[in-house]
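In my numbering, the protein residues as written are 368 to 490.
Glycine included, each C-beta is placed from N, C-alpha and C at the ideal position.
Computed from a predicted structure; not experimentally measured.
Okay, structure first, notes after.
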C-alpha cells in the first residue's frame, strides 16, 4: 500500500472504532502527539481515545503529500461523541510521518481544543 492508501485506511478504521486496525498501521515504536492526551505510544493513545468515545464521524477534506518525503497531512472534520453523549465538532490536521516500510512512526494531531478540552475534562 502507498501512503495515501494507508492514510485513507487510517480514517476509515478510526471512524469505525477499529482500534486494533488503526494501531496495526503504526510501527512498534509508533507515537502520537495529541493536544488533549499528550505524547503517547500509539496503542496507549488509541485505547484511551476509544474508551472516551461512543461515536466518531470523520469527513476527509484532503490529503497533502510532498514528493520525496515520508510525511503526509490529512485534513478532516471530526464529529466526536464522547462516552457521556456530549458532542463536539472540529477540523483536524494530522501530520503523519512514515518509516521506510510505510508504517506510521509518528502522528501529530493539530486542532483547536477550546471546546473539546472542557468536555473531556468532564469525563
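{"Check": "Where residue 407 falls: helix, strand or coil (DSSP)", "Outcome": "strand"}
{"Check": "Spatial distance of residue 424 from residue 399 (CA atoms)", "Outcome": "20 Å"}
{"Check": "Same chain, Cβ closer than 6 Å to residue 442, five either side skipped, listed in chain order", "Outcome": "428, 429 and 460"}
{"Check": "Three-state class that DSSP yields for residue 441 in the structure shown", "Outcome": "strand"}
{"Check": "Limits of the alpha helix (DSSP H) - the one that residue 450 falls within", "Outcome": "Run containing residue 450: none; DSSP gives neither H nor E here."}
{"Check": "Alpha-carbon to alpha-carbon, residue 440 and residue 472", "Outcome": "14 Å"}
{"Check": "DSSP bridge partner residues for residue 425 (one or two, in chain order)", "Outcome": "445"}
{"Check": "Residue 384 (DSSP reduced to helix, strand or coil)", "Outcome": "coil"}
{"Check": "Outcome for residue 387 when other beta-carbon atoms lying within 10 angstroms are tallied against a minimum of 16", "Outcome": "exposed"}
{"Check": "Opposing strand residues paired with residue 475 [DSSP bridges]", "Outcome": "400 and 462"}
{"Check": "As assigned by DSSP and simplified to three states, the class of residue 432", "Outcome": "strand"}
{"Check": "CB contact flag (residue 438, residue 464, <8 Å)", "Outcome": "yes"}
{"Check": "CB of residue 469 within 8 Å of CB of residue 390, strictly", "Outcome": "no"}
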